[in-house]
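For any residue, its number in my numbering is found by taking its place in the sequence shown, counting from 1, and adding 2. Every residue, glycine too, gets a C-beta built ideally from N, C-alpha and C. Here is the structure we will look at, set down as structure tokens.
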Amino acid sequence: MPLKIIITGASSGLGKALAKHYASLGAILGLIARNKTSLESLVNELPDTVSVFYAIDVRDAESMQSAASDFIQRYGCPDIVIGNAGISQGTLTEYAEDSKIFESILATNVTGIVNTFQPFVAVMRTQGKGNLVGISSVASCRGLPGGSAYSASKAAANSYLESLRVEMFRSGVSVITICPGYIITPMTANNPFQMPFIMTAETAAKKIVHIINHKKIFSVIPWQMGIVARILRLLPNFVYDRLFSIMPRKPRG
Ligand SMILES: NC(=O)c1ccc[n+]([C@@H]2O[C@H](COP(=O)([O-])OP(=O)(O)OC[C@H]3O[C@@H](n4cnc5c(N)ncnc54)[C@H](OP(=O)(O)O)[C@@H]3O)[C@@H](O)[C@H]2O)c1
Numbered sequence: 003m004p005l006k007i008i009i010t011g012a013s014s015g016l017g018k019a020l021a022k023h024y025a026s027l028g029a030i031l032g033l034i035a036r037n038k039t040s041l042e043s044l045v046n047e048l049p050d051t052v053s054v055f056y057a058i059d060v061r062d063a064e065s066m067q068s069a070a071s072d073f074i075q076r077y078g079c080p081d082i083v084i085g086n087a088g089i090s091q092g093t094l095t096e097y098a099e100d101s102k103i104f105e106s107i108l109a110t111n112v113t114g115i116v117n118t119f120q121p122f123v124a125v126m127r128t129q130g131k132g133n134l135v136g137i138s139s140v141a142s143c144r145g146l147p148g149g150s151a152y153s154a155s156k157a158a159a160n161s162y163l164e165s166l167r168v169e170m171f172r173s174g175v176s177v178i179t180i181c182p183g184y185i186i187t188p189m190t191a192n193n194p195f196q197m198p199f200i201m202t203a204e205t206a207a208k209k210i211v212h213i214i215n216h217k218k219i220f221s222v223i224p225w226q227m228g229i230v231a232r233i234l235r236l237l238p239n240f241v242y243d244r245l246f247s248i249m250p251r252k253p254r255g
């Protein structure tokens, strides 16, 4: 039986690379993003694969439920659901106009994952199997200056995924949290700073597939970034504050 996989944020970057990787393994794909044209052209690039796409917003719970029902009706319950859709933008609390951006980042990066998993949790629990994969970020390990909304959203995503993992304990359903470091995608294209250990989207996708296959519950990729994340977490606040107050930041807007 081919694997059945739902991927959000499939129209670009990491999600697209994951879709192509799983397509090369003969998986049945359900691809979600807002940009219909990009999804259509991706599906046309994957001619030998059974793929359906849903041009919807992960913030819209009802649309996500309808897409999930449609996929389940056509192919049955997916084996893997990857909550990958995400946005990133520089934000500063002192600017009132950044409030809307805060809301949007939190709604996409946190509630978006909840909306992605919700329609599948009960079905997977009944079947006693399935993998719910959340794409977080290494930015979750400390509050990054200039990236407050993004760091907060990814830290919240980690906590949400941990709660869900414990809720699903011994159910047969795995909840997997993956925190990538820098990946070459449109999200990082305009970052005005050095990005250590940056990976191509294809390399990141391969690492993610390996993690899912091994059901590792929490991973930072690549491993070098895992060491950086550990060191950052161990840094006392007075050292972290001095060091990161002078670091270059993601620009606003
Ligand atoms: N690039 C990095 O260095 C990096 C590092 C760590 C973690 N990540 C995480 O990896 C994930 C993928 O990012 P990426 O680098 O591949 O970025 P990307 O190229 O900008 O892709 C983001 C994807 O999310 C989709 N998306 C955004 N908002 C959405 C919404 N409201 N509803 C549905 N889909 C939405 C976009 O599609 P539409 O615009 O068509 O909706 C697009 O397909 C994100 O969660 C990101 O935070 C990235």
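Check                                                                                                                                                 : Outcome
Using the three-state DSSP reduction, which class does G114 fall into: helix, strand or coil?                                                         : helix
By the three-class DSSP mapping on this structure, what secondary structure does I186 have?                                                           : strand
Pull the bridge partners of S176 from the DSSP assignment, please.                                                                                    : N133
Going by Cα to Cα distance, which pick from T93, E96, V60 is closest to N111?                                                                         : V60
Between the region 98-109 and the region 48-56, are three or more C-beta pairs nearer than 8 Å?                                                       : no
Is M227 near ligand 3, judged by its Cβ being under 7 Å from some heavy atom?                                                                         : Of the ligands this structure carries, namely ligand 1, none is ligand 3.
Would you mind listing the alpha helix (DSSP H) stretches within the region 23-96 that are 4+ residues and don't spill past its ends, in chain order? : 38-47, 63-77
I need the straight-line Cα distance from A98 to Y152, nearest angstrom please.                                                                       : 17 Å
State yes or no: is the C-beta of L41 within less than 8 Å of the C-beta of A12?                                                                      : yes
Once DSSP output is grouped into helix, strand and coil, what is the label at S142?                                                                   : helix
According to DSSP, F220 sits in a beta bridge with which residue or residues?                                                                         : T179
DSSP state of M227, grouped into three classes?                                                                                                       : helix
Go ahead and pull the three-state DSSP assignment for K252.                                                                                           : coil
Does the distance between the C-beta of V60 and the nearest non-hydrogen atom of ligand 1 fall short of 7 Å?                                          : yes
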